[in-house]
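The numbers in our numbering rise by one with no breaks, and the one at position 139 of the sequence shown is 828. Ideal placement from N, C-alpha and C gives every residue a C-beta, glycine not left out. Heads up: the structure comes next, in structure tokens.
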Amino acid sequence: MRTALSTLEVVRPKSLDQALRDLAASAENGRLVPLAGGTDLFVYLNAGAEVGRRFIDLWGLRELRGIRAEGKSLALGALTTFRDIREHAIVRRRFPSLAAAAAEIGAWQIQNRATLAGNIANASPAGDSLPVLMAYDAVIRVRSVRGAREIAFDQLYRGYRELALERDELITAVLLPDPPAGAFHFFRKVGTRRAQSISKVVLAGVLGRAREGRGRHARLSLGSVAPVTLRARRTEDVLREGTPSRETAARARAALAEDIAPIDDIRSTRDYRVQVAGNVLEQFLRAADPRYARA
Ligand SMILES: Cc1cc2nc3c(=O)[nH]c(=O)nc-3n(C[C@H](O)[C@H](O)[C@H](O)COP(=O)(O)OP(=O)(O)OC[C@H]3O[C@@H](n4cnc5c(N)ncnc54)[C@H](O)[C@@H]3O)c2cc1C
Numbered sequence: 690m691r692t693a694l695s696t697l698e699v700v701r702p703k704s705l706d707q708a709l710r711d712l713a714a715s716a717e718n719g720r721l722v723p724l725a726g727g728t729d730l731f732v733y734l735n736a737g738a739e740v741g742r743r744f745i746d747l748w749g750l751r752e753l754r755g756i757r758a759e760g761k762s763l764a765l766g767a768l769t770t771f772r773d774i775r776e777h778a779i780v781r782r783r784f785p786s787l788a789a790a791a792a793e794i795g796a797w798q799i800q801n802r803a804t805l806a807g808n809i810a811n812a813s814p815a816g817d818s819l820p821v822l823m824a825y826d827a828v829i830r831v832r833s834v835r836g837a838r839e840i841a842f843d844q845l846y847r848g849y850r851e852l853a854l855e856r857d858e859l860i861t862a863v864l865l866p867d868p869p870a871g872a873f874h875f876f877r878k879v880g881t882r883r884a885q886s887i888s889k890v891v892l893a894g895v896l897g898r899a900r901e902g903r904g905r906h907a908r909l910s911l912g913s914v915a916p917v918t919l920r921a922r923r924t925e926d927v928l929r930e931g932t933p934s935r936e937t938a939a940r941a942r943a944a945l946a947e948d949i950a951p952i953d954d955i956r957s958t959r960d961y962r963v964q965v966a967g968n969v970l971e972q973f974l975r976a977a978d979p980r981y982a983r984a
């Protein structure tokens, strides 16, 4: 049954500090649910899902907006929309996979409202920005009345839709450290059709050149192939240590089948996802370095 909107309560804090106090006061009893763009929450409400009856609207909080340099990282405020991301010159240049993912999330209407923190906190294993953030070694900044702390993105998900956040904490920003100079960046989303689809497999990768006496920089992260967005660590090891060749690509593909744990569901089968994840990995490697296609 649909939720009657008239029975819902929404509070609109004037500042981040006020929002954190409101959230803390509600943490024990009738917790206020953070509301950003509403593109996930409204769908849940419309479907009658139990998402809560009291909301705290973050949309007006200027402290959560903006994209700015912070040391060697780029800091994206929690309310950064996918439109902000796809149009931002520095994001496009330094983090092209994030801009590419943003451009494939819903259509313009969704991109105008949907926020980066909303995508993260919704914690869908099919969330398209999540593998990208993981492949870029993102760090999530969270705050509560007790202070601020930072969580490495690959430590954020404890299980299916379970975040390592306390009930009174808000995500305030996402920090992206500079990837190695000259690295190859890759993003590919596979859905039922080319636009406006939920991912069956989504893969983000960053591959840097081998440096003196050290292996190459390799990051590979996937969505829709396990209960949580994951880093394909066995595959990364193969890519880090192996020289680019068809043999290394084949070993990486075999490692990837071990790293992921897809299931059959309404969108796809397990076998399809294993096959397609392997195909997309090979596409990534060939694009990064043609030697991955040679014997
Ligand atoms: C038609 C349509 C198409 C879509 N297409 C895609 C797609 O292609 N790819 C994709 O990944 N997603 C897609 N989505 C899902 C959705 O748009 C995204 O997940 C979006 O990023 C959610 O952001 P939001 O600001 O709208 O979140 P909201 O709906 O406001 O909130 C989502 C969750 O995040 C929590 N939250 C929000 N902000 C914070 C914060 N600062 N701190 C802590 N918790 C917070 C909320 O409490 C809630 O649990 C689509 C949705 C629709 C309706």
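Item                                                                                                                                                                           : Value
Taking the runs of the beta strand (DSSP E) that are 3 residues or longer, which of them lie wholly in the region 840-887?                                                     : 846-848, 859-866, 873-879
Quick one: any contact between the region 799-818 and the region 764-774, if contact means 3 or more CB pairs under 8 angstroms?                                               : yes
So, are the CB atoms of A788 and D817 less than 8 angstroms apart?                                                                                                             : no
Name the two residues that bound the continuous beta strand (DSSP E) containing F784.                                                                                          : It is not in any beta strand (DSSP E) - F784 carries neither H nor E in the DSSP assignment.
Measuring alpha carbon to alpha carbon, tell me which residue in H874, L896, L859, V917 is nearest R720.                                                                       : L859
Got a sec, what are the start and stop residues for the alpha helix (DSSP H) A806 sits in?                                                                                     : 805-811
Pull up the DSSP beta-bridge partners for F731, would you.                                                                                                                     : Per DSSP, none; premise fails for F731.
Please report the residue range of the beta strand (DSSP E) in which L763 lies.                                                                                                : 762-766
Just to confirm my understanding: we take S786, look at its own chain, exclude 5 residues before and 5 after, and list those with CB closer than 6 angstroms. What are they?   : V821, H874, F876, A893
Taking only beta-carbon positions, decide if A714 is within less than 8 angstroms of chain C.                                                                                  : Given the protein chain composition of this structure (a single chain), no chain C is represented.
Label Q844 either buried or exposed according to how many other C-beta atoms from any shown protein chain fall within 10 Å of its C-beta, with 16 as the threshold for buried. : exposed
Just to confirm my understanding: we take L750, look at its own chain, exclude 5 residues before and 5 after, and list those with CB closer than 8 angstroms. What are they?   : P702, S704, L705, A708, L768
Rank D746, D773, S762 by C-alpha distance to the C-alpha of G755 and give the top, closest one.                                                                                : D773
Could you tell me whether any non-hydrogen atom of ligand 1 is closer than 7 angstroms to the CB of A915?                                                                      : no
So, helix, strand or coil for S715, using DSSP?                                                                                                                                : helix
Per DSSP, what are the beta-bridge partners of F973 in this structure?                                                                                                         : DSSP lists no partner for F973.
Would you say the region 938-949 touches the region 877-889, given that touching needs at least three Cβ pairs under 8 angstroms?                                              : no
To the nearest angstrom, report how far apart A984 and R781 are at their CA atoms.                                                                                             : 34 angstroms
When you measure from the CB of S818 to every non-hydrogen atom of ligand 1, does any distance come out below 7 angstroms?                                                     : yes
For R920, which residues of its own chain have a beta-carbon under 6 angstroms away from its beta-carbon, when the five flanking residues on both sides are left out?          : M823, D843, S910
Could you check if P866 is buried or exposed, using at least 16 other CB atoms within 10 Å of its CB as the buried criterion?                                                  : exposed
Quick one: Cα of T924 to Cα of R847, how far?                                                                                                                                  : 21 angstroms
Can you tell me the Cα-Cα spacing of L864 and A827, whole angstroms?                                                                                                           : 6 angstroms
Less than 8 angstroms separating the beta-carbons of V834 and A713?                                                                                                            : yes
Identify the continuous alpha helix (DSSP H) that holds L822 and give its terminal residues.                                                                                   : 818-824
Under a three-way DSSP split, which group does L896 fall into?                                                                                                                 : strand
According to the Cβ coordinates, are P916 and Y981 closer than 8 angstroms?                                                                                                    : no
Please tell me whether, using a cut-off of 7 angstroms, the distance from the CB of L747 to the nearest non-hydrogen atom of ligand 1 is below it.                             : yes
What residues match up with S910 in a beta bridge as DSSP calls it?                                                                                                            : A893, R920
What's the call for T958, buried or exposed, on a 16-neighbour Cβ count within 10 Å?                                                                                           : exposed
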